[in-house]
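Have a look at the structure below before the remarks.
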Amino acid sequence: MPSTFELCPGRMIGGDRPCFVIAEIGQNHQGDIEIAKKMIKMAKDCGADCAKFQKSELQYKFNKRALERPYKTKNSWGETYGEHKRHLEFSHEQYRELQKYAKEVGIFLTASGMDEMAIEFLHEINVPFFKVASADANNFPYLEKAAKKGRPMVISSGMQSIETMRQVYKTVKEHNQNFVILQCTSTYPLEPQDVNLRVITEYQKEFPDIPIGYSGHESGISISVAAVALGAKVIERHVTLDKTWRGSDHAASLEPAELAELIRSIRLVELALGCGLKKRLPCEESFHRKLGKSVVAKVTIPKGTVLSLDMLAVKVAEPIGVDAEDIFRLVGKSVNEDVSEDETITQQVVNGL
Ligand SMILES: CC(=O)N[C@H](C=O)[C@@H](O)[C@H](O)[C@H](O)COP(=O)(O)O
Ligand SMILES: C=C(OP(=O)(O)O)C(=O)O
C-alpha cells in the first residue's frame with residue numbers, strides 16, 4: 001500500500017489526501033526579495049500548499065571553471081555563470097526573512113538544496129521537507145546525507161534512468177521512510193512528446209509503498225492535471241509573475257491565473273476520481289426513474305402463462321417494472337393476472353420472483 005505521511009506539519013500526503021501543490025519560485029524572483037515575497041503571497045492566494053526556492057552554496061554546487069564560464073545569453077544576469085548565479089542567490093539572512101514572511105502569509109516554504117552545504121543550511125532553518133532537484137537524484141553521497149537528516153524528501157527524477165531511480169529508492173529508504181519520487185523531464189519548455197506521464201504508472205509499480213508525483217516544465221496546465229488523474233500525489237510547477245521576464249524558466253512557468261486554474265482543476269479531478277465502487281448513485285435515481293428500462297409485455301399475456309423470452313421486451317415504461325437486467329429471471333415463471341401488450345411487467349404479477 002502506498003504510504004501516507006506528514007510532508008509538512010499537519011499536512012498529510014499520499015493515499016486519498018489532496019494532491020500537494022508546490023509553487024516553484026526557483027530563481028524567477030530575479031534576485032529581488034520584494035518580488036520573492038510577492039510570489040509567495042501569489043502562491044498562497046492561488047491555493048498552492050508550498051512556495052519553493054532553490055538554495056545553492058555556489059562554491060559547493062559549481063567548480064571554479066563552471067562559475068567562470070561566460071554566460072552571455074538573453075537570460076543572463078552577469079558576464080559569467082558565477083556572476084549570474086550570485087545575482088539570483090539569496091543570503092541566509094534573506095532566507096530567514098522569506099521564511100518569516102511565508103509564515104505570516106500562511107504557506108509552507110522550502111527550497112531545493114542544490115548541494116550538500118545548502119542541505120545543511122536548510123536543515124538549520126528547519127524547512128518542512130527537502131526537495132531534491134533532478135540534478136542531484138544520482139548524487140548518492142548527497143542523498144544519503146539528506147536522508148539521514150530525517151526530514152521528508154521530495155525527489156525529482158529528470159535526466160535519470162529507471163536503474164538509477166531504483167538505486168535512489170533503495171538508498172533513501174534505508175535511512176528515511178518518508179519520501180516521494182517525482183516523474184520529471186528536465187527541459188524548458190517541455191514538449192508533450194517528452195513528458196512521458198506513463199512513468200508515473202511505472203513508478204507506482206516499482207515503488208508501491210511511496211507516493212509518486214510529477215514535476216512539470218511544460219506550457220499550460222492540462223498535462224499536470226492528467227498527472228493527478230494518473231495518481232500523482234505531489235505536483236510541482238514553476239511560477240512567475242510575468243512569462244516575458246528575463247530568465248531561463250519564466251517561459252515555461254505558470255502566471256497567477258494559470259496556477260489558480262491548475263489548482264482548481266486538480267481539486268475538481270480529485271473529486272471526480274471518486275472511490276471506484278460502481279453502483280447506482282442517489283444523483284442518478286430521478287434519471288433512472290425517467291429513462292431506465294423495464295420489462296414489458298411484447299404480446300398480450302393471459303393469466304397463468306409461463307413466460308418465455310419471446311413474450312418480453314425492454315422499454316422505458318410507465319409504471320416502472322422489473323429491471324431490464326432481470327429479464328432472464330422471468331423466463332419459466334408464470335403471471336398471476338392478464339398483462340396487455342405493451343404494459344409493464346411488475347414484480348407483483350410474476351409468481352415466485
Ligand atoms: C535542472 C535544474 O536545476 N533545473 C531547475 C529547476 O527546474 C531550473 O530552475 C534551473 O535552475 C534553471 O533553468 C537554470 O537556469 P540558468 O542556467 O539560466 O540559471
Ligand atoms: C530543479 C528542480 O526541480 P526539478 O528537477 O523537479 O525540475 C529544483 O527543485 O530545483
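Take the sequence shown: its position 326, counting from 1, is numbered 326 in the UniProt record's numbering, and each next residue is one higher.
Even glycine gets a Cβ: it sits at the ideal position worked out from N, Cα and C.
Comparing the CB of Ala118 with every heavy atom of ligand 1, is any distance shorter than 7 angstroms?
-> Not under cutoff, so the answer is no.
Is Ser224 near ligand 3, judged by its Cβ being under 7 angstroms from some heavy atom?
-> Looking at this structure, you won't find ligand 3 anywhere; what it does contain is ligand 1 and ligand 2.
So Ile223 packs on Ile181, CB below 8 angstroms; how close in whole Å?
-> That pair is no contact at about 18 angstroms.
What residues are listed by DSSP as bridge partners for Arg237?
-> In DSSP, Arg237 forms a bridge with Ala23, Gly216.
Taking only the alpha-carbon atoms, compute the straight-line gap between Ile125 and Tyr95 and give it to the nearest angstrom.
-> Rounded to whole angstroms, the gap between the alpha carbons of Ile125 and Tyr95 is 9 angstroms.
Apart from the five residues just before and just after His87, which ones in its own chain have a Cβ nearer than 6 angstroms to its Cβ?
-> Closer than 6 angstroms at the Cβ level, and outside the excluded window around His87, lie Gly31, Trp77, Gly78.
Are the Cβ atoms of Met165 and Ser134 separated by less than 8 angstroms?
-> Against a cut-off of 8 angstroms, the Cβ pair of Ser134 and Met165 comes out as no contact.
So which of Thr185, Thr300, Ser161, Phe130 has the shortest CA-CA distance to Lys149?
-> Just measuring C-alpha positions, the residue of Thr185, Thr300, Ser161, Phe130 sitting nearest Lys149 is Phe130.
With contact counted as at least three CB pairs below 8 angstroms, one residue from each stretch, are the region 280-289 and the region 242-254 in contact?
-> Touching, no.
Could you say which of Glu163, Ala260, Leu98 lies nearest to Ala48 if we only look at CA atoms?
-> Selected option, being the one with the closest Cα: Ala260.
Have a look at the DSSP bridge pairing and note the partners of Cys50.
-> Ile22, Phe108, per the DSSP bridge assignment.
Beta-carbon separation of Glu57 and Asp115 under 8 angstroms?
-> Cβ distance < 8 angstroms, so Glu57 and Asp115 count as in contact.
Would DSSP call Glu270 helix, strand or coil?
-> Here Glu270 sits in helix by DSSP.
For Glu6, which beta-bridge partners are listed by DSSP?
-> Beta bridge pairing from DSSP links Glu6 with Met12.
Just the C-alpha distance for Glu258 and Ser112, rounded to the nearest angstrom, thanks.
-> When the Cα atoms are used, Glu258 and Ser112 turn out to be separated by approximately 23 angstroms.
Could you check what DSSP says for Cys184 in three-state terms: helix, strand or coil?
-> In the three-state reduction of the DSSP assignment, Cys184 falls in the strand class, which pools E and B.
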